[in-house]
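Numbering of the sequence shown is given in my numbering, commencing with residue 104 and proceeding in unit increments.
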Amino acid sequence: MQGVEVNITDDGTLDMPDKILKQLDVVVASIHSGFKNPKEKITRRMLKAMENENVDIIAHPTGRLITKRESYDIDLEAVFDAAKKTSTVMEVNAYPERMDLRDAHVRAAVKAGVQLVISTDSHNADQLHFMKLGIGTARRGWATKSDIINTRNLKDMLRMLKH
Ligand SMILES: [Zn+2]
């Protein structure tokens with residue numbers, strides 16, 4: 104499988120061209136800049152990325168880094184509505200400094216009918232065991248197996264992705 108995490112730029116476009124993204128099996132988009140944008144702007148950036156037909160997953164949707172940085176100010180209700188409408192999957196990032204979505208956000212996403220994926224954000228193989236933190240977060244948000252796309256086998260999971 105081939106995939107990529109792309110940056111959502113200042114205007115909500117992605118920092119890789121669509122003609123490349125559409126050749127990949129999975130495209131994850133996320134915000135890594137402009138954390139101080141006003142709520143309307145950062146929400147608009149996120150919604151625009153979700154409207155891109157090549158974007159399958161939004162990673163660490165609130166951008167917090169525990170003990171280092173608060174979440175950016177984003178309208179998660181609008182984000183979850185758009186996720187449902189565009190079939191974009193929201194990440195439950197299990198990396199200990201992120202834990203993003205957190206439990207209460209998982210609950211809101213599940214209520215909105217949004218599909219989730221639990222990912223470790225591993226930067227090396229030793230970090231794959233963070234998965235259990237993500238599973239714990241998802242459970243605290245009352246997510247069940249049917250809400251989490253990576254509880255499926257690979258073939259079924261790929262079929263659930265947007266592009
Ligand atoms: Zn990231």
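We put the CB at the ideal spot given by N, CA and C, even for glycine.
What is the rounded straight-line gap between the Cα of Val-192 and the Cα of Leu-264?
8 Å
Roughly how many whole angstroms lie between the Cα atoms of Ser-225 and Glu-108?
13 Å
Length-filtered (4 minimum) alpha helix (DSSP H) runs lying within the segment 200-236
206-214
CB of Ser-133 to nearest heavy atom of ligand 1: below 6 Å?
yes
Using only alpha-carbon positions, find the residue among Val-195, Ile-169, Ile-111, Leu-127 that is nearest to Glu-154.
Ile-111
Anticipated Cβ contact below 8 Å, Gly-237 with Ala-197, distance rounded:
3 Å
Proximity to Val-195 [Cα-Cα], best of Ile-123, Gly-239, Ala-215
Gly-239
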